Amino acid sequence: MDTKIVAIILFIVFLSILNFNVHGQTNNFIVNDFGAVADGKTDNSKAFVNAWKRACETDGGIVSVPLGTYFVREADFEGPCIGQTLFHIDGTLLASNDPMLDEDYWITFYKVDRLTVSGNGTFDGNGANSWANCGGIAKCNLPPTTLKINYVNNSYIQGLHFVNSKMFHLHIHESDNVNVNYVHILAPEDSPNTDGIHIGNSNDIKIFNAHIATGDDCISMGDGSTNINISSVWCGPGHGISIGSLGKYKVEEDVSGITVRNCTFNNTDNGLRIKTWAPSASSPVVSDVAFVDIDLINVRNPIIIDQYYCPSGSCGNEGESSVEIKRVKFVDVKGSSATETAVDVQCSKSKPCQDIEFIDLDIGYNGQPTNASCSNADDLFRGSDQVPSRCS
């Protein structure tokens, strides 16, 4: 064979080997190879979805988002996939700043099993215009959530940053066995409806080692949330960790098996909260809830059960909540309150709270003891030198 031809063949082989080494494994699909441009302007939605499709149809497929800012108007990543799938983000995904978007969600993973979304990258919801146009308007057309995990099982979300979502930052819905680890979520204290993580109709969800500072709940659990474990979360500013609101809609599922442990609340409006509507359109049951080893730093409402929840202030006093709350424990909740009332339990007259326990509380206000206010509740305070020590 001609030596020049041999040299050309060897050079092509060398380039192929080099390309493999640079781009990693053959199952690694880099969004730039599908036309993505990291200029913060070009709509990369199609490139991202095409990279996902290739990864999804490959056993062990990987989507890689390198460093840079990638504008994505909307992307739906649908399964089922052939095998385990990794979506690795080192760059920044930038949302539209259009406040009039009709989409409910910006980025969605749907019907995927064994998914990992990881990296040191960022989801930037670009939400400032939406807050200005929607904040405080009761009938506002709700802006999109940043990331929805929908019908996803046996999966991980880890290491990522979420900033300035138009609404919720992360929504886990109809999913089972999802682990959220080492995420950072940040939005201004006055940004409306920017919950850090919202869970609904999902089972066996674990949230560990998260730092969340937003304008609404750090973590909220809606109806159908079961076997939820939350640990080592730093929350603040924001509205604390909440169960609810519940009872707003005609069909709602029970909430049970909730454990919140070893969390810190710093300058939040609320600490640990359960909230239900009155009157209620449905009658779900909240049961078997434990809040354990909680640190409070200047929290306005450290412990609150509110069965007269009405965020708009225009609900009136037309009825009672039919949501039942029972077997709830607050254990080793300690630190400082920003108000004199550290425990505020206002339960329904028609469905009084049952088996509400307060164990080893130590909550002060400006160096003085705090008090507790309870209504329609079967409550029990246990522990020596507990503050507050009883309900008034």
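According to mature numbering (1 follows the signal peptide of the UniProt record, and there is no 0), the residues represented by the sequence shown are -24 to -1, 1 to 368, in order.
Just so it is clear, CB atoms sit at the ideal spot from N, CA and C, and this is done for glycine as well.
Quick caveat: nothing in here was measured; it's all calculated off a predicted structure.
### Message
If I measure Cβ to Cβ from Glu294 and keep anything under 7 Å in the same chain, skipping five residues before and after, which residues do I get?
### Response
As a working note, residue 294 is residue 318 in the sequence shown. Sequence-distant Cβ neighbours of Glu294 in its own chain, meaning closer than 7 Å and more than five residues away, are Pro255.
#### Entry: 8 Å Cβ shell around Ser(-9) - same chain, five flanking residues per side excluded
Looking up residue -9 in the sequence shown gives position 16. Residue confidence for Ser(-9) is low, a pLDDT of 44 falling below 50, so the modelled location carries little weight; the figure read from the coordinates is stated next. Cβ contact annotation for Ser(-9) (same chain, cutoff 8 Å, sequence separation greater than five): none.
### Best match in Lys327, Lys310 and Val304 for proximity to Ser297 [C-alpha to C-alpha]
Locating residue 297 in the sequence shown gives position 321, counting from the first residue. With distances taken between Cα atoms, Ser297 lies closest to Lys327.
### Query
How far does the beta strand (DSSP E) with Ala189 in it reach, from first residue to last?
Within the sequence shown, numbered from 1, the residue matching residue 189 stands at position 213. Note, Ala189: beta strand (DSSP E), Asn179 to Ala189.
### Message
So for Cys239, helix, strand or coil by DSSP?
### Response
Along the sequence shown, one-based indexing puts residue 239 at 263. Cys239 falls in the strand class under three-state DSSP.
### Query
Looking at the structure shown, is Cys10 part of a helix, part of a strand, or coil, going by DSSP?
For the purposes of this step, residue 10 is taken as residue 34 along the sequence shown, with counting starting at 1. Before going on, a small fix: residue 10 reads as Phe here, not Cys. In this structure, Phe10 counts as helix in the three-state DSSP scheme.
### Message
Bridge partners for Phe85 per DSSP, in chain order?
### Response
Stepping through the sequence shown from its first residue, residue 85 is reached at position 109. Bridge partners of Phe85: Phe53 and Ile125.
### Task
Give the straight-line distance between the Cα atoms of Asp355 and Arg90, rounded to the nearest whole angstrom.
For the purposes of this step, residue 355 is taken as residue 379 along the sequence shown, with counting starting at 1. For the purposes of this step, residue 90 is taken as residue 114 along the sequence shown, with counting starting at 1. So the two alpha carbons sit approximately 43 Å from each other.
### Task
State the CB to CB distance for the pair Phe47 and Thr18, rounded to an integer number of angstroms; the pair is presumed to be in contact (CB under 8 Å).
Counting from one through the sequence shown, the residue named residue 47 turns up at place 71. Counting from one through the sequence shown, the residue named residue 18 turns up at place 42. Sure, about 6 Å apart at Cβ, within 8 Å.
### Query
For the putative contact between Phe306 and Leu222, defined by C-beta atoms under 8 Å, what is the C-beta separation to the nearest angstrom?
Indexing the sequence shown from 1 puts residue 306 at position 330. Indexing the sequence shown from 1 puts residue 222 at position 246. Wrong, their Cβ atoms sit about 19 Å apart, outside the cutoff.
### Message
Run through the DSSP bridge pairs and tell me what Gly176 is partnered with.
### Response
Here residue 176 corresponds to residue number 200 of the sequence shown, with the count starting at 1. DSSP output for Gly176 lists His149 as bridge partner(s).
### Task
Provide the residue(s) that pair with Asp338 in DSSP beta bridges, ordered along the chain.
Residue 338 sits at position 362 when you count from the first residue of the sequence shown. Answer by DSSP bridge pairing, in chain order: Lys310 and Val363.
#### Entry: alpha helix (DSSP H) segment containing Ala27, residue limits
If you number the sequence shown from 1, residue 27 lands on position 51. Ser21 to Cys32 is the extent of the alpha helix (DSSP H) around Ala27.
### Task
Please report the residue range of the beta strand (DSSP E) in which Asn347 lies.
Within the sequence shown, numbered from 1, the residue matching residue 347 stands at position 371. Taken as a continuous stretch (DSSP letters only), the beta strand (DSSP E) holding Asn347 covers Asn347 to Ser351.
### Query
Considering only C-alpha positions, which residue in the set Ile58, His149 and Pro42 is nearest to Thr68?
Numbered from its first residue, the sequence shown carries residue 68 at position 92. Comparing Cα-Cα distances from Thr68 to each of Ile58, His149 and Pro42, the minimum goes to Pro42.
### Query
Excluding the five sequence neighbours on either side, which residues of its own chain have a C-beta within less than 6 Å of the C-beta of His137, listed in chain order?
Position 161 of the sequence shown, counted from the first residue, corresponds to residue 137. Within the same chain, His137 has close Cβ partners Thr98 and His160.
### Task
From the DSSP output, in three-state form, read off Asn157 for me.
Counting from one through the sequence shown, the residue named residue 157 turns up at place 181. Note: Asn157 maps to strand in three-state DSSP.
### Query
Which residues does DSSP pair with Lys302 in a beta bridge?
The residue labelled residue 302 in the question sits at position 326 within the sequence shown. Answer is Ser263 and Gln330, bridged to Lys302.
### Message
Given this structure, state the Cα-to-Cα distance separating Ser21 from Ile125, to the nearest angstrom.
### Response
Translated into the one-based positions of the sequence shown, residue 21 becomes position 45. Translated into the one-based positions of the sequence shown, residue 125 becomes position 149. Going from the Cα of Ser21 to the Cα of Ile125 covers about 18 Å.
### Task
Leaving aside the five residues before and after Thr92 along the sequence, list all residues of the same chain whose C-beta is less than 6 Å from its C-beta, in chain order.
The sequence position of residue 92 within the sequence shown is 116, counting from 1. Within the same chain, Thr92 has close Cβ partners Leu62 and Tyr132.
### Residue(s) in a DSSP beta bridge with Met76
Counted from its first residue, the sequence shown places residue 76 at position 100. Paired residues: none, contrary to the question.
### Task
Note the first and the last residue of the continuous beta strand (DSSP E) segment covering Tyr285.
Taking the first residue of the sequence shown as 1, we reach residue 285 at position 309. Tyr285 -> beta strand (DSSP E) spans Asn277 to Tyr285.
### Message
Does Leu226 pass the burial test, meaning 16 or more other C-beta atoms within 10 Å, or should it be called exposed?
### Response
The residue labelled residue 226 in the question sits at position 250 within the sequence shown. Here residue 226 turns out to be Lys, not Leu, going by the sequence shown. Exposed, since its Cβ has fewer than 16 Cβ neighbours within 10 Å.
### Query
Taking the alpha carbon of Ile175 as the point to measure from, which residue in Ile217, Pro213, Gln283 and Val309 has its own alpha carbon closest?
One-based indexing of the sequence shown puts residue 175 at position 199. Out of Ile217, Pro213, Gln283 and Val309, Ile217 has the C-alpha closest to the C-alpha of Ile175.
### Task
Tell me Val227's beta-bridge partners as DSSP assigns them.
The count along the sequence shown starts at 1 and reaches residue 227 at position 251. Val227 is not bridged to any residue.
### Query
Does the region 254 to 273 come close enough to the region 182 to 191 that 3 or more CB-CB pairs lie under 8 Å?
no
### Local conformation of Ser256 per DSSP, three classes
One-based indexing of the sequence shown puts residue 256 at position 280. Ser256 falls in the coil class under three-state DSSP.
### Query
Taking DSSP as the reference, what is the three-state secondary structure of residue 407?
This structure cannot settle anything about residue 407, because the visible part of the chain is limited to -24 through 368.
#### Entry: CA-to-CA distance, Ser312 to Ala186, given in whole angstroms
In the sequence shown, the residue the question calls residue 186 occupies position 210. In the sequence shown, the residue the question calls residue 312 occupies position 336. When rounded, the distance between both Cα atoms is 22 Å.
### Message
Given this structure, state the Cα-to-Cα distance separating Ile280 from Glu165, to the nearest angstrom.
### Response
Reading the sequence shown from its first residue, position 304 is the one you call residue 280. Reading the sequence shown from its first residue, position 189 is the one you call residue 165. Taking the straight line joining both Cα atoms gives about 20 Å.
### Task
Find the nearest neighbour of Asn102 within the set Ser201, Leu70 and Gly59, judged by alpha-carbon distance.
Within the sequence shown, numbered from 1, the residue matching residue 102 stands at position 126. Nearest option by C-alpha distance: Leu70.
### Message
With H, G and I counted as helix, E and B as strand and the rest as coil, what does DSSP make of Ala318?
### Response
As a position in the sequence shown, residue 318 is number 342, starting the count at 1. It is a strand residue.
### Query
Helix, strand or coil: how does DSSP classify Asp246 here?
Counting from 1 along the sequence shown, the entry for residue 246 is found at position 270. Going by the sequence as given, residue 246 is Asn instead of Asp. Looking at Asn246 - three-state DSSP - the assignment turns out to be strand.
### Task
Could you round the C-beta distance between Val231 and Val262 to whole angstroms and report it? I think they count as a contact, below 8 Å.
What you label residue 231 is simply residue 255 of the sequence shown in a count that begins at 1. What you label residue 262 is simply residue 286 of the sequence shown in a count that begins at 1. Between Val262 and Val231 the Cβ distance is about 5 Å, and since that is below 8 Å, they are a contact.
### Task
Verify whether the separation of the beta carbon atoms of Gly241 and Gly212 is less than 9 Å.
Here residue 241 corresponds to residue number 265 of the sequence shown, with the count starting at 1. Here residue 212 corresponds to residue number 236 of the sequence shown, with the count starting at 1. It is worth fixing the name first, because residue 241 is Phe in this sequence and not Gly. Closer than 9 Å, so yes.
### Task
Kindly indicate the opening and closing residues of the beta strand (DSSP E) around Asn203.
Taking the first residue of the sequence shown as 1, we reach residue 203 at position 227. Taken as a continuous stretch (DSSP letters only), the beta strand (DSSP E) holding Asn203 covers Thr202 to Cys211.
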